[in-house]
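Numbering (the working numbering), first residue to last: 433 to 513.
Structure follows, in structure tokens:
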């Protein structure tokens, strides 16, 4: 049961990617429950919802997250550090 709820580690890794892309944390929604296959989509055109997958470790899913964000038009921000 503990595995189906996101952890601080999960959120930290999500924020590493989204921060590097210049995405404001206030514009991100991450449901507490993990759900396969994992999703990334825009809510109402401005808020970003990221659903972490249940059966894939977050480290193994980060490349997929980056690809999905790039597909939505986000790019890495050279000024994000």
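Positions of the beta carbon are idealized from the N, C-alpha and C atoms, including for glycine.
1. Run the CB neighbour count on residue 514, radius 10 Å, all protein chains shown included, and call it buried at 16 or more, exposed below.
2. Which of helix, strand or coil does DSSP assign to residue 472?
3. Considering only the beta carbon of each residue, do residue 486 and residue 480 sit closer than 8 Å?
4. How about residue 442 and residue 488: are their beta carbons less than 8 Å apart?
5. Specify, as a first and last residue, the run of the alpha helix (DSSP H) that residue 449 falls within.
Looking at the coordinates:
1. Outside the displayed range of the chain (433 to 513) lies residue 514, so it cannot be described from this structure.
2. Under the three-state reduction of DSSP, residue 472 is assigned to strand.
3. With respect to the 8 Å criterion, residue 486 and residue 480 are not classified as neighbours on the basis of their beta carbons.
4. No, these two residues do not count as a Cβ contact at 8 Å.
5. Residue 449 -> alpha helix (DSSP H) spans 440-452.
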